[in-house]
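This report refers to the structure that appears directly beneath it.
2 protein chains.
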Amino acid sequence: MTPNPDSSSFVKPLIQYMEQYHPISPVLVALYAKQCTLLTVRKNKHIVSPVDSNAALYFVVSGIVRGFIKDSDKDITTWFCFGNNIVGAIRHPDLQPNHSVEYLQALEDCELIRVPYTLIEYAYANFEEANIVGRKLLALHYYAASERSILARIPNALRRYQKLEESKKIDLNKIPLRYLASYLGMRLETLSRIRSKELNKADKEPVEV
Amino acid sequence: MTPNPDSSSFVKPLIQYMEQYHPISPVLVALYAKQCTLLTVRKNKHIVSPVDSNAALYFVVSGIVRGFIKDSDKDITTWFCFGNNIVGAIRHPDLQPNHSVEYLQALEDCELIRVPYTLIEYAYANFEEANIVGRKLLALHYYAASERSILARIPNALRRYQKLEESKKIDLNKIPLRYLASYLGMRLETLSRIRSKELNKADKEPVEV
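Chains as they are written, first to last, in numbering that gives the first Met the number 0: chain A, 0 to 208; chain B, 0 to 208.
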């Protein structure tokens, strides 16, 4: 699976993504090229599930990824990723390596760069810039997780839907309704009713000419 | 508000907390002692609210802190902190300085160490260890926020309560029920019903003699 040096350009999208936050030294870029792997996951397939050890993060080059857990056989959607971002199954930083409790599923054909945790830990221990980039990315992910946590606690279903729509974080038309309903903590029928009302309202709004 | 050098020992609990993750250089410890302040906030008072600029994090030396937001006048509890941890109002890393949308409230008399964001940013820019500690703390906070986000999406109210109880993250007897209900995304009556059933069940369990 190790790419030869000439094919190392596959990590470019990931390096560019990280370099928004801090320059990455050429030695570390070469390590990423050597130890990361490019993979394609077909629509609806799992990227990670609890039968796998939770041993890597994934940079989503293209496609949509859904995170979900199962609780008493209920499938509960916890987040979506629309690409150009890093995803991973929930993992306590001090309890590793362990099995994932979370599933990652491709909602469209996905192109992913697999980044092993062993590489990430090595980078943290040996490259100052890895800690800077890691700290900045974790701050963004922490912010996003806090927002998801707040969203689910809004008592009114319509307000939850509106809040998600206003945030423009998720392309509501690209997600199967049953996953969107689960993410929003409402039944599918409630979401369908809200959506038809909201679309109806939009139709009736005056259009500038 | 700047303490004199002899009174700098007030930052010790914060430094000890951070040094679990990486040693802090004496120069940075001195900066913390100089720029942090110790404050006491009485039970039920706000530590931060949207009328304040969101300019600092707080290390909770003692007491219980609640985070909440208001949405359409509904008070929604988003987390609790039982001390020996860092709290802050939700804040997008790239949009600063700004006003808080979140409230932090003392649920008991609290002793807090106020850590200005200006100090944190300076530490990140000038001390390698700040990035290491920041990265590790953010990973833990990201994990905790992901768990809160999952908890609120469990469709069944009883399962949410049980999941929270099993996690042993929160001392359920120290939190007023109306805040616990809001955190668990259920009505107060639902929580009261669940609690009396669960307590009843516990009473009936055989006791080893």
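Beta carbons: idealized from backbone N, C-alpha and C, even for Gly.
As the structure is a computational prediction, the values presented were derived from the model and not from experiment.
For Ala105/B, the uninterrupted beta strand (DSSP E) segment begins and ends at Tyr102 to Ala105. When 8 Å is used as the limit between beta carbons, Arg152/B is near these residues of chain A: Ile75, Thr76, Thr77, Ala151, Ser181, Tyr182 and Gly184, in chain order. Runs of the beta strand (DSSP E) lying entirely within the region 92 to 169 of chain B, each at least 3 residues long, are 102 to 105 and 109 to 115 in chain order. According to the DSSP assignment, Ile85/A belongs to the beta strand (DSSP E) that extends over Asn84 to Val86.
For Arg152/B, the number of other beta carbons within 10 angstroms of its own is at least 16, and it is reported as buried. Close partners of Lys135/A in chain B (Cβ separation under 8 Å): Pro92. Taking 8 Å as the cut-off, the Cβ atoms of Glu107/B and Lys196/B do not count as close. Between the C-alpha atoms of Tyr182/A and Ser71/B there is a straight-line separation of about 21 Å. For Tyr16/A, the enclosing alpha helix (DSSP H) has its first and last residue at Lys11 to Glu18. Rounded to whole angstroms, the Cβ separation of Leu103/B and Ile46/B is 4 Å, and the two are in contact under 8 Å.
In the structure shown, Asp74/A falls within a strand segment according to DSSP collapsed to helix, strand and coil. Here DSSP, grouped into helix, strand and coil, assigns Leu198/B to helix.
Partner residues in the beta bridge of Gly66/A, as assigned by DSSP, are Trp78/A and Leu103/A. With respect to the 8 Å criterion, Glu127/A and Pro22/A are not classified as neighbours on the basis of their beta carbons.
Restricting attention to Pro49/A, Val59/A and Asp202/A, the CA atom closest to the CA of Met17/A is found in Val59/A. According to DSSP, Ala32/B shares a beta bridge with no other residue. Per DSSP, Ala180/B is one residue of the alpha helix (DSSP H) stretching across Leu176 to Tyr182.
For Ile46/A, the enclosing beta strand (DSSP E) starts and ends at His45 to Val47. When Cβ-Cβ separations below 8 Å define contact, Asp108/B makes no contact with chain A.
At least one C-beta of chain B is nearer than 8 Å to the C-beta of Asn130/A.
C-alpha of Arg65/A to C-alpha of Phe9/B: approximately 45 Å in a straight line. Residue-level contact by beta carbon fails for Leu176/A and chain B, as no gap is shorter than 8 Å. In the DSSP assignment, Val40/A is bridged to Cys109/A.
If you ignore the 5 residues before and after Ile63/B, its C-beta comes within less than 8 Å of the C-beta of Phe79, Cys80, Phe81, Gly82, Ala105, Leu106, Glu107, Cys109, Lys173 and Ile174, all in its own chain and listed in chain order. Using a C-beta cut-off of 8 Å, the region 83 to 95 of chain B makes no contact with the region 23 to 39 of chain B, since fewer than three inter-stretch Cβ pairs fall below that distance.
Judged by pairs of C-beta atoms under 8 Å, the region 130 to 144 of chain B touches the region 138 to 153 of chain A, as three or more such pairs exist.
Look at the beta carbons and you see the region 151 to 169 of chain B not touching the region 160 to 167 of chain A: under three pairs across the two are nearer than 8 Å.
Its chain contains Met17, Tyr20 and His21 as the residues whose beta carbon lies nearer than 6 Å to that of Val132/A, once the 5 sequence neighbours on both sides are disregarded; these appear in chain order. Take the alpha-carbon of Lys11/A and the one of Ser148/A: they are about 32 Å apart. Membership of Val60/A in the beta strand (DSSP E) is indicated by the continuous run Ala55 to Ser61. In the displayed model, Ser52/B falls within a strand according to three-state DSSP. Taken through DSSP and simplified to helix, strand or coil, Ile193/A comes out as helix. In terms of beta-carbon proximity, Ile68/B lines the interface with chain A, with at least one pair separated by less than 8 Å. The C-beta of Glu127/B comes closer than 8 Å to at least one C-beta of chain A. Between Ala122/B and the set Arg177/A, Ser48/A and Arg134/A, the nearest pair of CA atoms involves Arg134/A. Within 7 Å of the CB of His98/A, no CB atom of chain B is found; the nearest one sits about 16 Å away.
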